[in-house]
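Chemist: Okay, so the sequence shown: first residue is 976 according to this note's numbering, each after it adds one.
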Amino acid sequence: ILKYCNVVDSSGTRLEVIDPRDRIYGFLGLTKEGDAFGIRPNYSDPVAKVYTNAARVLLTSGKVDLLCISQFPKSVADLPTWAPDWSVPIQNPYAYFSPNSSPFSASGNKSAFVICTDDSNGFITLRGTTVDEVAVIGSAWVPPVEIRPNDRTCEEPRSKFLADIDQFCDEASYMGNGAYPDPRILEEARWRTPIGDKEFDDRGTARRATEQSCDARQDVLRRIEMWREIHSLSPPQLGPFLEMTGQLREGEYSYRHFMDSMSKRRPFRS
């Protein structure tokens, strides 16, 4: 209930409240678990205490996915890093597909849980596994707000995002540490990473990306090159060119959509 009412979806809308504490208190009566959580409305408590206590209760009850929406920046002072700041718009975690669709399960059938929370220092302790260490982080990807026909730079942010990922893949192939013995794995990373491994199926719902997206990435790259050439055309050529650039194939539309859905994310290499 907290997620559906407070996390921003693709429309950018969410419920609003007068008192930020009602981001927690306002939903207690809507869940059968409300009494079990032991949270009682107390409007004399500072907002940070309300949010921290709610996060602690949810985490210790096994809802560790709460960490996916503990995002930055935070506007409420004194919030620990593991407590979501419900007072600001929270971006929907990209790995979320739908309640009945879970194509990824890196942990198999194991469940994460919090071992303890330290009230005095604001720490939580979780048991987990170290998979790798992040070595390099790329620039945040911000899609262009508006594409103007006479602006050849409107596709440059998309080009930069794809180039960053290509560079990480190139660097990984030169490391020679045996992490990628099959070069096909790195080639898949080039087209899966920009879209977070998502594409539309025939019903218009998200699924794990297929070879269709590999071809679609090439369409995106070709369109970027076309936009770079726009200023070299004379006015009589410009009309047919703009008509051609406006046509998106189904796979390219899907690829661009899920690239845009990765807005504000940063690629990284481990």
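Ideal placement from N, C-alpha and C gives every residue a C-beta, glycine not left out.
Note down, in chain order, each residue of its chain lying with its Cβ closer than 6 Å to the Cβ of L1033, except the 5 sequence neighbours on either side.
Modeler: What you label residue 1033 is simply residue 58 of the sequence shown in a count that begins at 1. For L1033, where only same-chain residues beyond five positions count, the Cβ hits under 6 Å are L1041.
Chemist: For K978, which of helix, strand or coil comes out of DSSP?
Modeler: As a first step, residue 978 is located in the sequence shown; it is residue number 3 there, counting from the start. Of the three classes helix, strand and coil, the one that applies to K978 here is helix, per DSSP.
Chemist: Looking at the secondary structure, which residues open and close the alpha helix (DSSP H) in which K1024 lies?
Modeler: As a working mapping, residue 1024 is identified with position 49 in the sequence shown. Here the alpha helix (DSSP H) through K1024 covers V1022 to T1035.
Chemist: Within 10 angstroms of the Cβ of P1031, are there 16 or more other Cβ atoms? Answer buried if so, exposed if not.
Modeler: Within the sequence shown, the letter at position 56 stands for residue 1031. At residue 1031 the sequence reads Arg, which differs from the Pro that was named. So R1031 counts as buried.
Chemist: Here's a check: name, in chain order, each residue in its chain whose Cβ is nearer than 8 Å to the Cβ of V1022, leaving out the five neighbours to either side.
Modeler: Reading the sequence shown from its first residue, position 47 is the one you call residue 1022. Listed in chain order, the non-local C-beta contacts of V1022 below 8 Å within the same chain comprise P995, R996, V1051 and S1062, local neighbours out to five positions each way being set aside.
Chemist: When DSSP labels each residue in this structure, what does G1179 get in the three-state scheme?
Modeler: Within the sequence shown, residue 1179 is the residue found at index 204, counting from 1. The answer is coil: DSSP assigns G1179 none of H, G, I, E or B.
Chemist: Quick one: is A1115 buried, meaning 16 or more other Cβ sit within 10 Å of its Cβ, or exposed?
Modeler: On the sequence shown, residue 1115 is found 140 positions in, with the first residue counted as 1. So A1115 counts as exposed.
Chemist: Mark F1047 as exposed unless 16 or more other C-beta atoms lie within 10 angstroms of its C-beta, in which case mark it buried.
Modeler: Position 72 of the sequence shown, counting from 1, holds the residue named residue 1047. So F1047 counts as exposed.
Chemist: Would you mind working out which of W1202, E1186 and A1081 sits nearest R1133, comparing C-alpha positions?
Modeler: Against the sequence shown, residue 1133 aligns to sequence position 158. Nearest option by C-alpha distance: W1202.
Chemist: Counting C-beta neighbours from all protein chains within 10 Å, is the total for D1060 16 or more, i.e. buried, or is it exposed?
Modeler: Position 85 of the sequence shown holds residue 1060. Buried.
Chemist: By the three-class DSSP mapping on this structure, what secondary structure does L1005 have?
Modeler: Locating residue 1005 in the sequence shown gives position 30, counting from the first residue. Residue state, collapsed to three classes: helix.
Chemist: Out of S1148, R1224 and A1181, state which residue places its alpha-carbon closest to the alpha-carbon of R1198.
Modeler: Here the question's residue 1198 lines up with position 223 in the sequence shown. Nearest of S1148, R1224 and A1181 to R1198, Cα basis: R1224.
Chemist: Over what stretch of residues does the alpha helix (DSSP H) that includes F1047 continue unbroken?
Modeler: The count along the sequence shown starts at 1 and reaches residue 1047 at position 72. Note, F1047: premise wrong, no alpha helix (DSSP H); not H, not E.
Chemist: Where does the unbroken beta strand (DSSP E) through F1233 begin, and where does it stop?
Modeler: Residue 1233 sits at position 258 when you count from the first residue of the sequence shown. Careful: F1233 lies outside any beta strand (DSSP E), inside the alpha helix (DSSP H) at E1225 to S1236.
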